[in-house]
Amino acid sequence: MWVLLEKELGSEYLGDRVILVLVLFGCGVGAAEAEVETFSVDRLEQSVLQDIEADSFWCMSKLLDGIQDNYTFAQPGIQSKVNTLKELIQRIDTPLHDHLSKHCVEFLQFTFRWMNNLLMRELPLHCTIRLWDTYLAEPEGFSTFHLYVCAAFLRYWSPALLRERDFQGLMLLLQNLPTYDWGNEEITLLVAEAYRLKYTFADAPNHLQARK
Numbered sequence: 001m002w003v004l005l006e007k008e009l010g011s012e013y014l015g016d017r018v019i020l021v022l023v024l025f026g027c028g029v030g031a032a033e034a035e036v037e038t039f040s041v042d043r044l045e046q047s048v049l050q051d052i053e054a055d056s057f058w059c060m061s062k063l064l065d066g067i068q069d070n071y072t073f074a075q076p077g078i079q080s081k082v083n084t085l086k087e088l089i090q091r092i093d094t095p096l097h098d099h100l101s102k103h104c105v106e107f108l109q110f111t112f113r114w115m116n117n118l119l120m121r122e123l124p125l126h127c128t129i130r131l132w133d134t135y136l137a138e139p140e141g142f143s144t145f146h147l148y149v150c151a152a153f154l155r156y157w158s159p160a161l162l163r164e165r166d167f168q169g170l171m172l173l174l175q176n177l178p179t180y181d182w183g184n185e186e187i188t189l190l191v192a193e194a195y196r197l198k199y200t201f202a203d204a205p206n207h208l209q210a211r212k
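The UniProt record's numbering applies: residue 1 is where the sequence shown begins, and numbers increase by one.
In structure tokens, the structure reads:
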């Protein structure tokens with residue numbers, strides 16, 4: 001089944017996500033939470049690993065349901081989400097939107113990775129697991145809710161970004177956001193803000209046009 005998914009979507013898009021899901025289930029049976037950053041599935045017995053593989057496949061199927069167009073030719077799903085995120089930031093944080101525009105920072109230059117890797121590269125592993133747990137529990141978590149998490153994430157860094165005065169400074173910060181000390185508290189606040197944005201805008205998309 002993994003082979004079929006790889007042929008359909010490309011193995012380069014699946015690798016990181018498969019590893020994360022395997023680690024998630026592996027830690028559940030073979031490691032404490034504190035060991036999650038260094039856990040290896042090589043520690044597990046073959047019978048346990050087979051059970052984990054089945055659970056991981058289900059979770060990967062759930063993850064990919066609704067976002068396959070993120071990983072097909074030209075990645076239209078990502079292009080659409082980046083454009084919607086830009087519109088959302090224009091609506092909820094006009095100063096930040098205008099500041100990025102003034103210094104010629106295109107949303108695609110930094111949010112493509114957020115959409116492609118589902119914030120895996122921006123957060124510590126234990127935070128990614130906590131966030132993805134929410135996505136799995138939320139209807140359309142990966143396909144829709146992730147957009148609002150990205151909006152909340154970008155808005156969190158708005159004060160720091162507004163202090164940057166040129167393209168280089170902005171891009172350096174956006175590509176190296178200091179989340180190394182983040183924990184459950186920060187993710188809880190991030191998710192709460194994302195829920196607020198979702199319930200404000202998800203059922204009223206015309207609101208995104210209000211300040212254009």
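Think of the CB as a built atom: it goes at the ideal place given N, C-alpha and C, for glycine as much as any other residue.
Do residue j and residue i come within 8 Å of each other at the CB atom, strictly closer than that value?
i, j, result
"I67", "R130", "no"
"K62", "L172", "no"
"D166", "H97", "no"
"I92", "N116", "no"
"L174", "F110", "yes"
For residue i, which residues of its own chain have a beta-carbon under 8 Å away from its beta-carbon, when the five flanking residues on both sides are left out?
i, result
"A32", "Only weak support is given to the placement of A32: the predicted model assigns it a pLDDT of 48, under 50, and the question is left unresolved by the model."
"S158", "D93, P95, L96"
"Y180", "P124"
To the nearest angstrom, how far is it from the Cα of residue i to the Cα of residue j?
i, j, result
"Y71", "R43", "32 Å"
"M60", "K86", "28 Å"
"Y199", "Q46", "44 Å"
"T144", "E138", "9 Å"
"F142", "R163", "31 Å"
"A192", "R155", "13 Å"
"D51", "F57", "10 Å"
"V105", "W132", "28 Å"
"H126", "E53", "20 Å"
"L100", "L170", "8 Å"
"I82", "L108", "Here residue 82 turns out to be Val, not Ile, going by the sequence shown. Roughly 6 Å separates the two Cα atoms."
"L177", "Q168", "14 Å"
First and last residue of the alpha helix (DSSP H) that includes residue i?
i, result
"P159", "158–163"
"I78", "76–92"
"E185", "184–201"
"C127", "125–137"
Buried or exposed for residue i, going by 16 or more other Cβ atoms inside 10 Å?
i, result
"A152", "buried"
"F201", "buried"
"A160", "exposed"
"Q90", "buried"
"Y148", "buried"
"A194", "buried"
"L189", "exposed"
Under 7 Å Cβ to Cβ from residue i, same chain only, skipping five residues before and after it: list those, please.
i, result
"W114", "E122, C150"
"T134", "G141, V191"
"W182", "L123, P124, C127"
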